[in-house]
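Asks:
Chains as they are written, first to last, in my numbering: chain A, 1216 to 1349; chain B, 840 to 1268.
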């Protein structure tokens, strides 16, 4: 039923938060950083919902160029402005899990607890949004 | 010697002390300061006492409900609540110490299994582990196990479930999330796989499969915004209607000077208050223990896959959550009326289980069988998660539990494993 006992050909594991385009050139990176700074300008006049969207775009762009910490920072800001369960949410949970795994490998209990707690908070966000809690 | 005997017989037998000592162990292993160890241990002990207080409130309300239901409908009406089962087992049955030690044993065995086998799942939902520890302890005790055997068997079985359930769900979770790095840690997985199976048989197939995600549905379930309000929404009408059926003459014998319908209303609120207090206790109780032990688990199994609570899947299929909740509720209501026909107790629907288990099951049903799979699978799931707890009612009654049964079907499956396999085997030898 679940493929028990079958011989499986090993497939390469999917890494959900890896950038979609495998190779990002320096030019691409510069272009994306320019986009980010343009987006940051838009924040000044944006309302809460727009800010959440802009931060989500900024976070996803940082993620594409492999700047995980800045991606986390932007995606957290997005959820602080408005809780949503879009790509930003999914990527942030994945990033926390990546950081959690790194902390476990480094035997860094303090960071480990921080990211486990952040993952707990993400579960709460998911519950809240699904139940319509503002 | 008499001092040691005094400590063993009068202090260590107290469940609250055992639980505080488990928290203390976790905090010491985390190399916390003396102040943090003391405050953490005391908070854990306080949590246990709050939980016990909540349980007493629930028992008071359920005892009343049992009486009016029996009078009004001439059958037993069972409120499904794993919290109430946990509270009564910890308090009224005096199994608190064994449950706490089994809880610890599940963590330890989970780490051992994940460390030394290819199943690298670490179950992170602390509350669910507490419910599993409750059920393995209660049914292990009923099967005749005592002392260290009760704890080790319960710990091992609980840990096997803590690894096996995420492992069974993972092929689905991989497809839902498009990733293999996070797992599902929710003890309702047997129900999810059941729904997926039904959806496979009765659902849409191949190119005809249409996802519920393509439909336009109301985005949120606003009436479920508050956990306690959503429990109240069910319990208040349930108590008042039951009291009305029991009649003024009978119900007034229980309500003293208060009008019998008003008394029923207040008792329904009391039930919610009990759940509120009990869950506050659980949060306090687990607040120190869970971070300590899951930190240890993650460091001992650095390549672990964290098994997270069911909302981890909600963002990937939000419409299926709504369809799953509605269809599971329908299935629960059908089962409520059908099961008594077959001589089983009437199991009243639980809104929270229908939401969390039903919603997640809906994702599985939609994945496997599209819209039709989600609908037919969801109704079947609602029936299934009402039937399994109904099978435990006789045992719960004989053990002294008041008008309640368990909810999360994996914990019920573990209990049935004891009742149908381990218990008879122990009696045979």
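C-beta atoms are modelled at their ideal positions from N, C-alpha and C, and glycine is treated no differently.
(1) Does the distance from the CB of residue 1128(B) to the CB of residue 926(B) come in under 8 Å?
(2) Taking any Cβ of chain B, which residues in the segment 1319–1342 of chain A have a Cβ under 7 Å from it, in chain order?
(3) Expressed to the nearest angstrom, what Euclidean distance is found between the alpha-carbon atoms of residue 1084(B) and residue 903(B)?
(4) Terminal residues of the continuous beta strand (DSSP E) containing residue 962(B)?
(5) Just the Cα atoms here: how many angstroms apart are residue 1260(A) and residue 1248(A)?
(6) Verify whether the separation of the beta carbon atoms of residue 1116(B) and residue 1070(B) is less than 8 Å.
(7) Assuming residue 917(B) is part of the beta strand (DSSP E), what are its boundary residues?
(8) Inspect the beta-carbon positions of residue 882(B) and residue 1021(B) and report whether they are closer than 8 Å.
(9) Kindly indicate if chain A contains any beta-carbon less than 8 Å away from that of residue 1147(B).
(10) Quick check on residue 984(B): buried or exposed, where buried means 16 or more other Cβ atoms within 10 Å of its Cβ?
(11) Taking the continuous beta strand (DSSP E) assigned at residue 1145(B), which residues delimit it?
(12) Do the segment 1202–1214 of chain B and the segment 1024–1042 of chain B meet, that is, are 3 or more Cβ pairs less than 8 Å apart?
(13) Taking the continuous alpha helix (DSSP H) assigned at residue 1171(B), which residues delimit it?
(14) Can the beta-carbon of residue 943(B) be found less than 8 Å from the beta-carbon of residue 923(B)?
(15) Taking a Cβ distance cut-off of 7 Å, strictly less, list which residues of the segment 1019–1047 of chain B are near chain A, in chain order.
(16) What are the boundary residues of the alpha helix (DSSP H) that includes residue 1291(A)?
(17) Between the alpha carbons of residue 870(B) and residue 1259(B), how many angstroms are there, rounded?
(18) Could you compute how far the alpha carbon of residue 1156(B) sits from the alpha carbon of residue 1052(B)?
(19) List the residues of chain A whose Cβ lies closer than 9 Å to the Cβ of residue 869(B), in chain order.
(20) Can the beta-carbon of residue 964(B) be found less than 8 Å from the beta-carbon of residue 1025(B)?
(21) Where does residue 956(B) fall in DSSP's three states?
(22) Kindly list, in the order they appear in chain A, the residues whose Cβ is closer than 9 Å to that of residue 1122(B).
(23) Going along the chain, which residues of the segment 1123–1141 of chain B sit with their C-beta nearer than 7 Å to a C-beta in chain A?
(24) Count the other CB atoms within 10 Å of the CB of residue 992(B); is the residue buried (16 or more) or exposed (fewer)?
(25) At the level of alpha carbons, what is the spacing between residue 1208(B) and residue 1043(B)?
(26) With a threshold of 8 Å between beta carbons, is residue 1270(A) in contact with chain B?
(27) List the residues of chain A whose Cβ lies closer than 7 Å to the Cβ of residue 1153(B), in chain order.
(28) For chain A, check one thing: does any of its Cβ atoms lie closer than 8 Å to the Cβ of residue 1160(B)?
(29) Pull up the distance between the alpha-carbon of residue 910(B) and that of residue 1096(B), whole angstroms please.
(30) Please determine, among 1041(B), 1228(B), 1161(B) and 1242(B), the residue with the shortest C-alpha to C-alpha distance to residue 1269(B).
(31) So, is residue 1309(A) buried or exposed, given that buried needs 16 or more other C-beta atoms within 10 angstroms?
(32) Ignoring anything shorter than 3 residues or poking outside the segment 1089–1132 of chain B, list the beta strand (DSSP E) runs there in chain order.
(33) Does the beta-carbon distance from residue 1001(B) to residue 968(B) come in below 8 Å?
(34) Drop a sphere of 10 angstroms on the beta-carbon of residue 1271(A), count the other beta-carbons inside from all chains shown, and report buried for 16 or more, exposed for fewer.
(35) Would you kindly check if the distance between the Cβ of residue 1169(B) and the Cβ of residue 1086(B) is under 8 Å?
(36) To the nearest angstrom, how far is the alpha carbon of residue 1031(B) from that of residue 1241(A)?
Replies: A quick look at the data gives this:
(1) no
(2) 1319, 1320, 1322, 1324, 1327, 1328, 1331, 1334, 1338, 1341 and 1342
(3) 14 Å
(4) 960–962
(5) 20 Å
(6) no
(7) 916–919
(8) no
(9) yes
(10) buried
(11) 1144–1147
(12) yes
(13) 1157–1177
(14) no
(15) 1019, 1020 and 1021
(16) 1283–1296
(17) 44 Å
(18) 7 Å
(19) 1324 and 1328
(20) yes
(21) coil
(22) Those within 9 Å of residue 1122(B) in chain A number zero; the least Cβ separation is about 12 Å.
(23) 1130, 1133, 1134, 1137, 1138 and 1141
(24) buried
(25) 5 Å
(26) no
(27) 1300, 1341 and 1345
(28) yes
(29) 20 Å
(30) Nothing can be reported for residue 1269(B), as the shown portion of chain B is limited to 840 through 1268.
(31) buried
(32) none
(33) yes
(34) buried
(35) no
(36) 46 Å
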